[in-house]
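Down below is the structure, laid out as structure tokens.
Numbering (the working numbering), first residue to last: 1 to 117.
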């Protein structure tokens, strides 16, 4: 399985509990919508897909956090998720968000992609 990295944004684009950055990630040859957010100083990334029904979470592009900036929230169903783990915290969801491996170095956020495509 081939692995490669690409830049999705500058580190400065992600502020703690602020707007996220939407991007697409290639997984086994298929492009999937994803997002990255910063929480408690660390960048976390997930597929942009609610664990309840496969709907994108953000109510406007980049708006993934609740009003208090403490949890990720699905704008369609109200399901809430831990920004650190993607685990369901409440509402109509089971399981967790699908984590996307990212790395932050040299002032950039990089995503790891897998597959041939």
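By construction, the Cβ of each residue, glycine as well, lies at the ideal position given by its N, Cα and C atoms.
From the listed residues 85, 74, 107 and 26, the smallest Cα separation to residue 49 is found for 74. By the C-beta criterion, the region 56–73 is judged not to be in contact with the region 99–112, since fewer than 3 inter-stretch pairs fall below 8 Å. When DSSP states are grouped into helix, strand and coil, residue 82 belongs to the coil group. If you keep only unbroken beta strand (DSSP E) runs of at least 3 residues inside the region 7–91, you get 21–27, 30–39, 42–47 and 88–90. Residue 20 is a Cβ neighbour of residue 36, given a cutoff of 8 Å.
With contacts defined by Cβ atoms closer than 8 Å, residue 31 and residue 24 form a contacting pair.
Here the alpha carbons of residue 52 and residue 94 stand approximately 6 Å from one another.
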